[in-house]
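What follows is a set of notes on a single structure, which appears directly below.
Protein chains in written order, with the working numbering: chain A, 1 to 109; chain B, 1001 to 1115.
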């Protein structure tokens, strides 16, 4: 089992749709969780950290379920500019960082 | 406040040559990570360094690859005797590395092409 697993994708959605990404992790001792986005041929950019209480930033909502060991990212009212690959990232046992393989999102007009 | 800087952005090497990739972390960051990304694939962790120390090199190939982060100057990823399979994008990231901030910020990457 991979340490961090994401929905395989790709997701193809129309503008204005709500889309949800899920991510599971295997190490119950994991401490920090993040979502990054990566545009084609660019570096990953931090989208948001994920806190136990859940957090929201505009159209984006991230949630963490420690009991089930999964993280989610919800994007409401999708825009064309949201098209990218979304990476789930987990920090385990100190500084060890594991990136998920990513889920590609295509938002179409 | 400058972000993470990497140079060169593009590097072309012939098989057998050496490639040196440089990374300067963000101001205030003392932790550096190197990742490799092959076309259409995910990021693969290579090595994690603090100043003058390699903390985790579990993702580094055993041969030809080495990394350092000296007391002064940028972190360097060195690939000796490059082969075609080394062609990839190499990203560097930095973080404060404190308990309350494991967030990593990435540089623009170096695209290595081996001919």
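From the three backbone atoms N, C-alpha and C, an ideal C-beta is built for every residue, glycine too.
(request) Can you give me the Cβ contacts of residue 80 of chain A inside the same chain, cut-off strictly under 7 Å, excluding the 5 residues immediately before and after it? (result) 15, 107, 109
(request) Closer than 7 Å by beta-carbon distance: list the chain B residues that pair up with residue 102 of chain A, in chain order. (result) 1042
(message) Please classify residue 1025 of chain B as buried or exposed, where buried requires at least 16 other C-beta atoms within 10 Å of its C-beta.
(response) buried
(request) Pull up the DSSP beta-bridge partners for residue 48 of chain A, would you. (result) A/35
(request) Please classify residue 87 of chain A: is it buried, with 16 or more other beta-carbons within 10 angstroms of its beta-carbon, or exposed? (result) buried
(message) In the DSSP assignment, the beta strand (DSSP E) including residue 6 of chain A goes from what residue to what residue?
(response) 4 to 6
(message) Our contact map puts residue 62 of chain A next to residue 46 of chain A with C-beta atoms below 8 Å; I'd like the distance itself, whole angstroms only.
(response) Their Cβ separation, rounded to whole angstroms, is 12 Å, which puts residue 62 of chain A and residue 46 of chain A out of contact at 8 Å.
(request) State the start and end residues of the unbroken beta strand (DSSP E) segment that holds residue 1010 of chain B. (result) 1010 to 1013
(message) Could you check whether the Cβ of residue 99 of chain A sits closer than 7 Å to any Cβ belonging to chain B?
(response) yes
(message) Please tell me whether residue 1113 of chain B and residue 1032 of chain B are closer than 7 Å, where the distance is taken between their beta carbons.
(response) no
(request) Would you mind reading off the limits of the beta strand (DSSP E) that contains residue 1090 of chain B? (result) 1088 to 1095
(request) Express the C-alpha separation of residue 1027 of chain B and residue 1002 of chain B in angstroms, rounding to a whole number. (result) 7 Å
(request) Whole angstroms is fine: what's the gap from residue 90 of chain A's alpha carbon to residue 1083 of chain B's? (result) 31 Å
(message) Quick check on residue 57 of chain A: does DSSP put it in helix, strand or coil?
(response) strand
(request) Excluding the 5 residues preceding and the 5 following residue 97 of chain A in the sequence, name in chain order all residues of the same chain whose CB lies nearer than 6 Å to its CB. (result) 91
(request) Give a yes or no on whether 7 Å exceeds the smallest Cβ distance from residue 83 of chain A to chain B. (result) no
(request) Could you check the C-alpha separation between residue 1081 of chain B and residue 49 of chain A for me, to the nearest Å? (result) 39 Å
(request) Could you pull out every residue in the same chain whose Cβ sits closer than 7 Å to the Cβ of residue 1029 of chain B, ignoring the five residues on either side in sequence? (result) 1094, 1095, 1096
(request) Rank B/1064, B/1069, B/1063, B/1065 by C-alpha distance to the C-alpha of residue 1051 of chain B and give the top, closest one. (result) B/1069
(message) Counting only beta-carbon separations shorter than 7 Å, does residue 56 of chain A have a partner in chain E?
(response) Protein chains in the displayed structure are A and B, and chain E is not among them.
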